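*Asks:*
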Amino acid sequence: MAIANSPLCLAIQVLILFFVCELSARDVNDPLYKESDPVWILNNDTFTLTLESNPDVIWLVQFFNSYCGHCRAFAPDFRKLAGSVLDWGKWVQLAVIDCAEDTNLDICMEFEVSIMTNLMKATFLSSTELCLDSTAAICILVRSYPTLKFFVPRRNQSDIGLRMEGSRTVSNIKKKILELVSGIDEDIAQRLQPISAAEIPGRLAEKFALQIFVLEKEDSLVGREIIIDFVPVQDIQIHRLIDSEESGVRTTASQLWALDPAMFEKNEAVVVVLRDAEVVGTKWILDRETADVKKFIIEIAKGFVNITAMEEGGNALRMKVAVALEKENKEAEIDSAVEGRDEREPINVQGVKPEIAQENLNDKVYFVDMEKALSYLLRHEVALSKEISGERLSALVEFVSVVRDQLPLRLPVQNFLESLLRFLKNPHQKSIQGKEWKDLVESLGSRGFDQFLPDYESYKACQGSAPGFRGYPCGLWTIFHSITVNAALRSDFINSEPLRPLRAIHGYVKYFFSCEYCSKHFQAMAAKDMESSVRAPLDSPLWLWRSHNRVNKRLKGDASEDPAHPKVIYPSASLCPLCYDGSEPRTVEGSWNEEEVMMYLTNKYGSVHVDVSGTENNIVQVKPAVSWGSEQNPVGEAKAMKLQSLKKFFTSGEVTFCMLLYLASTILLVAACIVVSRKRMRFSLFRTRKSSSPGQVLPYAFRNRW
5 MAIANSPLCL AIQVLILFFV CELSARDVND PLYKESDPVW ILNNDTFTLT
55 LESNPDVIWL VQFFNSYCGH CRAFAPDFRK LAGSVLDWGK WVQLAVIDCA
105 EDTNLDICME FEVSIMTNLM KATFLSSTEL CLDSTAAICI LVRSYPTLKF
155 FVPRRNQSDI GLRMEGSRTV SNIKKKILEL VSGIDEDIAQ RLQPISAAEI
205 PGRLAEKFAL QIFVLEKEDS LVGREIIIDF VPVQDIQIHR LIDSEESGVR
255 TTASQLWALD PAMFEKNEAV VVVLRDAEVV GTKWILDRET ADVKKFIIEI
305 AKGFVNITAM EEGGNALRMK VAVALEKENK EAEIDSAVEG RDEREPINVQ
355 GVKPEIAQEN LNDKVYFVDM EKALSYLLRH EVALSKEISG ERLSALVEFV
405 SVVRDQLPLR LPVQNFLESL LRFLKNPHQK SIQGKEWKDL VESLGSRGFD
455 QFLPDYESYK ACQGSAPGFR GYPCGLWTIF HSITVNAALR SDFINSEPLR
505 PLRAIHGYVK YFFSCEYCSK HFQAMAAKDM ESSVRAPLDS PLWLWRSHNR
555 VNKRLKGDAS EDPAHPKVIY PSASLCPLCY DGSEPRTVEG SWNEEEVMMY
605 LTNKYGSVHV DVSGTENNIV QVKPAVSWGS EQNPVGEAKA MKLQSLKKFF
655 TSGEVTFCML LYLASTILLV AACIVVSRKR MRFSLFRTRK SSSPGQVLPY
705 AFRNRW
C-alpha cells in the first residue's frame, strides 16, 4: 500500500481534517464525543470529505444514536480503543457520526445502518456489503446502534462499508483491525507472522539495538499490538512465538532466558527484551487489558533508541486533540461550576432552563412532547429504513392507524396522519424507499394551517438535564402510555381488541426503534406475558405501566440515566399515595392498588388533561420538502408542487399578515367609495338647486371648495 508520508501531504491532510472537524463541531451538539477525544467527529457534510482526505488508511466509523443507552454505555470502550490505536494512524483512523441528528439522516440512510443475515445480504445488498462474522445466524432487518463499519482503501463509490459483527469488545475490534491492516500492507502481514522455536538462534544473531520476543497464547493480541506499535522504530526488532507444548517454545525460552515454565500456565504472554542477546527486561502479562506493555518497552528502549517516530502516525489527530484539550482547559478555568468534577459527568446546571426544570416536576403531559417525539419518529426513525415493505409496511400502517385513532392530537396533526394513512393504504403501494418516505412526510407535514406535523426546538416535561438525556425516549414512552390509556377509555373500544394498541406499539419497536438492545428487551417482555396478561381494555395500560417500571429498574444506574431525573418505581408515593397498599413498594411487583394506578394514569394521560402550552411558539422552521405526488394523482401532484413553491417564499405568519392587510385595504377602499359617493350626491343636489335659482349667490364656503 502506498502511504503518503511527505510533509506536504501530511500538512494538507491536517488542514482538511481540521476544517471538516470544525464544521462538525459547529453543526452537531454531540453529548457523547468531544473534540478532545481521539476520534474524528463527522456529520452529513464532512463524512465523504474526511474519508477522501486520507484515502490510503482504513476508516473505522461508528454510527451511533445519542439517545440510545447502549451507545452511551459503549462510548467509554470506543474512546479506550481510539486511544490505544492512536499510534496506528498510518493504517487506521477512527470516526463517529450521530444518526440521531436530523442533519445526518441522509448519510445514515446511504450507508444502511441495519442488521442483515448473510442470506438477506445476498438478496438486498451489493457484494460490497460484507459481514465480517460469517457465523452470524438469523438477524432482523432493523437499524442497530451502535453500528461499526470499516472502509478500506481503494473502495468503490458504491461501497457501504464492512460491518463489524459479533461482540464489540475492544479486543475483538482490534482483531478485525489487525486482520484488515494485514490485508492492505504486505510488510505488516509478514511481520505479524509468528516464528518457530528453531528460528530463535538465527534471529538473535541479527544486529538491532533491541530485540523483543513475545511468547503468547494462540488467541493473544499482545505480540501483534506491540509489533504494529513499534513499526516506526527501525532499531527495534519484535518477534511473536506461539506458546504450546507441541511448539517447543516454552522449553527453548526456559533454557535461553531462565523463565519459569509454571508461569506460562498462569499468564497470557511474556515479553522478553534483549540487548546484545542479554535479557534487559521481562514482563509477564496476566491480562492484556490491564497490562501497559507499550509503556514497559518504552521505558527500556528510550535509553538506547529514538522512539519519537512512533507518534508520527497520529500527528493530525494528536494535534486536533491537543488544541481541543487546551480550549477545554481554558473554559474550565472560567467556568467555576464545573470545577472539581469529572469532565464527562453531566450536570444539571448545563443546558437546562430553570422554567423547564420546574415543569419537569409538575408530572404533566404536553402536546409539545408528544408532537416532537412523533415528528422525530416519522421524519427520522422510520426514514432510516432502506425499504419499507411486507411485514414492516404492515406494522407501520397499523401503528400510524392506532396513533391517529387513540393519541390525543390537535386537528392539523390528525389531518396530517389521515393524509399519511391514505397514501399507506393505497392498494398499489407495496413498498416505499426510506428517502421517498422522508420526502412524503415533509410534504404532507407542511401543508398549511389545517395540516402539519410540527417540530419543536425543545421538549418540556421530557427535557433532559444535558443533551442526550431523556428527550425522544421520554416522549416515545409518553406516546405509548397515552395510546393505551385513551384506547381503554373510549367507549367504541370497550368491545374491541384490547391488545391492538400494544401490538401496534410492539410492531413499531420491533421494526423501527433504532436502539437494538432496547428493542430486543421490549420484545422479550412482550413475548413473556403480553398476550396472556391483557384480557380487557384496562389491562393494556396497566401492562405497559408495569413494563415501563421493569425498564426503569433495569436502567437504574445505566449510562443513559439522567442524574437529574433518576430512574424510580413509578408513580412515587408523593405523586400517588393511594396507589400503594401499605408502604411504598421497593420492586416492580410490589403491593399496588391497581385501581388507583389506573386512575392516576387516566388523570395524567387522558386526552382532556394534555397541556397545550408551548405549541404556539418554540417551533423549528421545517425546510421545504420535495413535493409528493403519484402517477394516479397528477392533479394532486401539481397542487402540491404549487403549494411547496409558494412556501419557499412565504411563511404562514407572512401569509396571515398579507391576508389581514388585504382585508384592511378592502375595507378602506369601500369606505373611501362611500365618502366620495356621498360628496358627489351632495354636489349634484347643489347643482340642481343652482340651476333652478340663477340669481342666487353661492355661500362663501362652497365658492372656496368648488
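When the letters of the sequence shown are read in order and numbered with this note's numbering, they come out as residues 5 to 710. C-beta: ideal position from N, C-alpha, C; glycine also. Since this is a predicted model, take the numbers as computed values, not measurements.
Exposed or buried, which one is T107 when buried takes at least 16 other CB atoms within 10 Å?
*Replies:* With fewer than 16 Cβ atoms within 10 Å of its Cβ, T107 is classed as exposed.
*Asks:* Return the CA-CA distance between F371 and A492, expressed in angstroms with no decimal places.
*Replies:* Near 20 Å, if we compare the C-alpha coordinates of A492 and F371.
*Asks:* Taking three-plus beta-carbon pairs below 8 Å as touching, is the segment 96 to 113 in contact with the segment 64 to 83?
*Replies:* The segment 96 to 113 is in contact with the segment 64 to 83.
*Asks:* Is D81 near V226, with beta carbons less than 7 Å apart?
*Replies:* In this structure, V226 does not lie closer than 7 Å to D81 by Cβ.
*Asks:* Going by Cα to Cα distance, which pick from C677, S551, R292, L411 is closest to G610?
*Replies:* Closest by alpha carbon: L411.
*Asks:* Return the chain-ordered list of same chain residues with a C-beta closer than 6 Å to the C-beta of P150, the five sequence neighbours on each side being excluded.
*Replies:* Cβ neighbours of P150 beyond the five flanking positions: Q66, F68, C75, F78.
*Asks:* DSSP three-state label for Q259, please.
*Replies:* Helix, per DSSP.
*Asks:* Can you tell me whether K515 is buried or exposed, with buried defined as 16 or more other CB within 10 angstroms of its CB?
*Replies:* Before going on, a small fix: residue 515 reads as Tyr here, not Lys. With 16 or more Cβ atoms within 10 Å of its Cβ, Y515 is classed as buried.
*Asks:* Once DSSP output is grouped into helix, strand and coil, what is the label at R197?
*Replies:* Note on identity: in this sequence residue 197 is Gln, with Arg being the wrong assignment. Reduced to three states, the DSSP call for Q197 is coil.
*Asks:* Can you list, in chain order, the stretches of the alpha helix (DSSP H) that have 4 or more residues and sit fully within the segment 246 to 309?
*Replies:* The qualifying runs are 253 to 261, 267 to 270, 297 to 305.
*Asks:* Give, in chain order, every unbroken run of the alpha helix (DSSP H) that is at least 4 residues long and sits entirely within the segment 44 to 80.
*Replies:* 51 to 57, all fully within the segment 44 to 80.
*Asks:* Name the one or two DSSP bridge partners that L214 has.
*Replies:* I240, per the DSSP bridge assignment.
*Asks:* Could you tell me if Q259 is buried or exposed, where buried requires 16 or more neighbouring beta carbons within 10 angstroms of its beta carbon?
*Replies:* Exposed: under 16 other Cβ atoms inside 10 Å.
*Asks:* So what's F473 in DSSP terms, helix, strand or just coil?
*Replies:* The answer is coil: DSSP assigns F473 none of H, G, I, E or B.
*Asks:* Could you tell me if M602 is buried or exposed, where buried requires 16 or more neighbouring beta carbons within 10 angstroms of its beta carbon?
*Replies:* The residue is buried, with at least 16 neighbouring Cβ atoms inside 10 Å.
*Asks:* Should the segment 547 to 567 be called in touch with the segment 523 to 535, which here means at least 3 C-beta pairs below 8 Å?
*Replies:* Cβ pair count under 8 Å is three or more, so yes.
*Asks:* Among C522, F308, E203, whose alpha-carbon lies nearest the alpha-carbon of L480?
*Replies:* Per the Cα distances, C522.
*Asks:* On the three-state DSSP scale, how would you describe D615?
*Replies:* Looking at D615 - three-state DSSP - the assignment turns out to be strand.
*Asks:* Taking all protein chains shown into account, do 16 or more other C-beta atoms lie within 10 angstroms of the C-beta of I392, making it buried, or fewer, making it exposed?
*Replies:* Counting Cβ neighbours within 10 Å, I392 comes out buried, since at least 16 surround it.
*Asks:* How do the segment 51 to 58 and the segment 163 to 171 stand: do at least 3 beta-carbon pairs fall below 8 Å, yes or no?
*Replies:* Verdict: no, contact absent.
*Asks:* Which whole runs of the alpha helix (DSSP H) in the segment 449 to 535 are 4 residues long or more, in chain order?
*Replies:* Fully enclosed alpha helix (DSSP H) runs of 4 or longer: 476 to 493, 504 to 515.
*Asks:* Tell me, which residues are paired with A86 by DSSP?
*Replies:* The partner list for A86 (beta bridge, DSSP) is empty, contrary to what the question assumes.
*Asks:* If you run the structure through DSSP and keep just helix, strand and coil, what is D191?
*Replies:* Helix.
*Asks:* How many Å lie between L388 and V612 at the Cα?
*Replies:* About 34 Å.
*Asks:* Less than 8 Å between the CB atoms is what I'm expecting for P545 and H485, so what's the real figure, rounded?
*Replies:* Right, their Cβ atoms sit about 7 Å apart.
*Asks:* Cβ of T482 within 7 Å of Cβ of D373?
*Replies:* Yes, the pair counts as a contact, with Cβ atoms nearer than the cut-off.
*Asks:* For Y604, count the other beta carbons within 10 Å of its own beta carbon; 16 or more makes it buried, fewer makes it exposed. Which is it?
*Replies:* It counts as buried.
*Asks:* Give the single residue among D585, R550, L582 whose Cα lies nearest to the Cα of I573.
*Replies:* Taking only the C-alpha atoms, the option nearest I573 is R550.
*Asks:* Within 10 Å of its beta-carbon, does E3 have 16 or more other beta-carbons around it, so buried, or fewer, so exposed?
*Replies:* No statement about residue 3 is possible, as the shown extent of the chain runs from 5 to 710 and does not include it.
*Asks:* Pull up the DSSP beta-bridge partners for F154, would you.
*Replies:* BP columns for F154 point to L64, L166.
*Asks:* Measuring straight from C-alpha to C-alpha, what distance separates E114 and S40?
*Replies:* Answer to the nearest angstrom: the Cα atoms are 28 Å apart.
*Asks:* If you follow the alpha helix (DSSP H) that I231 is part of, which residue opens it and which one closes it?
*Replies:* Run containing I231: 226 to 233, per the alpha helix (DSSP H) assignment.
*Asks:* Report yes if the C-beta distance between L290 and R228 is below 7 Å; otherwise report no.
*Replies:* Not a contact, by the Cβ cut-off of 7 Å.
*Asks:* Where are the beta strand (DSSP E) runs, 3 residues long or more, that stay fully inside the segment 379 to 432, in chain order?
*Replies:* Segments of the beta strand (DSSP E) lying fully in the segment 379 to 432: 391 to 393.
*Asks:* Does DSSP classify V601 as helix, strand or coil?
*Replies:* Helix.
*Asks:* Taking the alpha helix (DSSP H) that I204 falls in, what are its first and last residues?
*Replies:* Residues 204 to 208.
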